[in-house]
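Enquirer: Provided herewith is a single structure, encoded as structure tokens, for subsequent inquiry.
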Amino acid sequence: MRSRRSPARWRVRLAASIGAICVVLTPVMAATPAHASVPPSKCGAFAVLISARGVNAPGGSNLQDGRTWLAGGMGDQLQGLVTSMQLDTQISVWTESLAWDANLGNSVLNYDSKVNAGASMLVTEIKSIVDGCRGQNYTIPNIFLAGHSGGADVVARALATLSGSGYQSYVDGAITYGDPSTSFVQDWNAPQFTQSAGLFARSDSQTDKIKAIDYYGWSYDSPQIRQPNYWPRVRAYCNNSDWACRGTVFGGWSNAAHNNYSQYNGDAKNFLKFLVTSTN
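All letters in the sequence shown, in the order written, are residues -36 to -1, 1 to 244 by mature numbering (1 follows the signal peptide of the UniProt record, and there is no 0).
Printed below as a string of structure tokens:
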């Protein structure tokens, strides 16, 4: 199912136009540094970014609806992406962290059940945003997802659950770092990363559901291609030697590699913004 909303670029252009008018009318204010506007609520934001921390990363505070934290809880690998989105002066972004139970200790026996519960929680939160904002006659915000390690698996499983539903079209973009359920046949890897199969590689049927979350328009990675096509809305990063997303079969032995994804936060942010401003 490929039908979805058109990118909300008009809101970006409107904000830019208003800003230009203000510069003309009040030149003294032009010297004031630009600051990001803090959205008053999820429904009043241009976009909502929901982050899911990795396994055993600390939780956050200021719990909302039993599902999300408004402070902390995104993990150190996603902190830079969240902060960058918060400080963006072109779009207003509401940020929150998923309060999924990421505490596994030294055992993976409960990994699958906890990740599934986290994915279910994330699906509920996405539906709550869509239904709640629509019920209040707000424009439904763009929804971004980002996860690291087990949180990346949470994001991917939530996407598979939403695929083919009416809610799929409201997920505008997703980022996964070091996903333990990476599939060798997935087609949404960032171009610098080779194919691999993670420690808990997902089935082809689940992978196909995530493949269906795409858009029609220009390519982020190949802007020279001026022929519109279907491209993934999901972007996966999997470091060489990362034990989680490569598994021992593909040479994944390094815990340091599994916790070295913050270097991609700039590219991840640019990808997400591209999806709502420049796809066509």
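Positions of the beta carbon are idealized from the N, C-alpha and C atoms, including for glycine.
1. Given that a residue counts as buried once 16 or more other Cβ atoms are within 10 Å of its Cβ, and exposed if not, what is A110?
2. Return the chain-ordered ranges of every alpha helix (DSSP H) run that is complete within the stretch 107 to 172 and spans a minimum of 4 residues.
3. For S145, which of D95, Y225, D76, N204 has the nearest alpha-carbon?
4. On the DSSP letters alone, give me the boundaries of the alpha helix (DSSP H) that L236 sits inside.
5. Rounded C-beta distance between L126 and V79? I'm assuming under 8 Å.
6. With distance defined between alpha-carbon atoms, name the residue in N223, S186, I107, Y141 nearest to residue 246.
7. Count the other CB atoms within 10 Å of the CB of Q227; is the residue buried (16 or more) or exposed (fewer)?
8. DSSP three-state call for P(-10): helix, strand or coil?
9. Kindly indicate the opening and closing residues of the alpha helix (DSSP H) around Q188.
10. Entirely within the stretch 19 to 70 and at least 4 residues each: give me those alpha helix (DSSP H) ranges in chain order.
11. Looking only at its own chain, which residues have a Cβ that is under 7 Å from the Cβ of L27, when we skip the five neighbours before and after it?
12. Does any heavy atom of the ligand FAD sit closer than 7 Å to the C-beta of P3?
13. With burial defined as no fewer than 16 other Cβ atoms inside 10 Å of the residue's Cβ, what is the status of G115: buried or exposed?
14. With DSSP collapsed to three states, give me the class of A176.
15. Give me the Cα-Cα distance between A176 and D168, rounded to the nearest whole angstrom.
16. Taking the alpha helix (DSSP H) that N80 belongs to, which residues open and close that run?
17. Can you tell me which of Q188, Q50, V198 puts its alpha carbon nearest to the alpha carbon of A122?
18. Just the Cα atoms here: how many angstroms apart are W182 and S71?
19. What residue range does the beta strand (DSSP E) around W195 cover?
20. Compare the beta carbon distance of A81 and D65 with 8 Å and say whether it is the shorter of the two.
21. Between which two residues does the beta strand (DSSP E) containing A11 stretch?
22. Taking the C-alpha atoms as reference points, what is the distance between S5 and V213?
23. Could you please give the first and the last residue of the uninterrupted alpha helix (DSSP H) stretch that includes N219?
24. Output the boundary residues of the alpha helix (DSSP H) element that contains C209.
Expert: Per the coordinate set shown:
1. Residue burial is scored here from C-beta neighbours: A110 has at least 16 other C-beta atoms within 10 angstroms and is therefore classed as buried.
2. As for any alpha helix (DSSP H) of minimum length 4 sitting wholly inside the stretch 107 to 172, the runs are 114 to 126, ordered along the chain.
3. Across the set D95, Y225, D76, N204, the C-alpha of D76 shows the shortest separation from the C-alpha of S145.
4. It spans 229 to 241 - the alpha helix (DSSP H) in which L236 sits, taken as one unbroken run.
5. At roughly 16 Å, the Cβ-Cβ gap does not stay under 8 Å, so L126 and V79 are not in contact.
6. As shown, the chain starts at -36 and ends at 244. That puts residue 246 outside it, with no answer to give.
7. Exposed, because fewer than 16 other Cβ atoms sit within 10 Å of the Cβ of Q227.
8. With a pLDDT of 33 at P(-10), under the threshold of 50, the modelled position of this residue cannot be trusted; read the value that follows with caution. Assigned with DSSP and collapsed to three states, P(-10) falls in helix.
9. It is not in any alpha helix (DSSP H) - Q188 carries neither H nor E in the DSSP assignment.
10. Secondary structure within the stretch 19 to 70: the alpha helix (DSSP H) runs of 4 or more consecutive residues, fully enclosed, are 40 to 51 (chain order).
11. Within the same chain, and ignoring the five residues on either side of L27 in sequence, the residues whose Cβ sits closer than 7 Å to its Cβ are W33, A63.
12. Absence of the ligand FAD is noted for the structure shown, with no ligands found whatsoever.
13. The residue in question, G115, is buried, as its Cβ has 16 or more Cβ neighbours within 10 Å.
14. The three-state secondary structure of A176, taken from DSSP, is coil.
15. Cα atoms of A176 and D168: separation of roughly 13 Å, rounded to the nearest angstrom.
16. Going by DSSP, N80 is part of the alpha helix (DSSP H) stretching over 75 to 99.
17. The shortest C-alpha separation from A122 is found at V198.
18. Near 43 Å, if we compare the C-alpha coordinates of S71 and W182.
19. 193 to 196 is the extent of the beta strand (DSSP E) around W195.
20. A Cβ-Cβ contact shorter than 8 Å links A81 with D65.
21. Segment 11 to 16, the beta strand (DSSP E) holding A11.
22. Across the structure, S5 and V213 are spaced so that their CA atoms are roughly 46 Å apart.
23. Start and end: 219 to 222.
24. Counting along the chain, the alpha helix (DSSP H) containing C209 begins and ends at 207 to 210.
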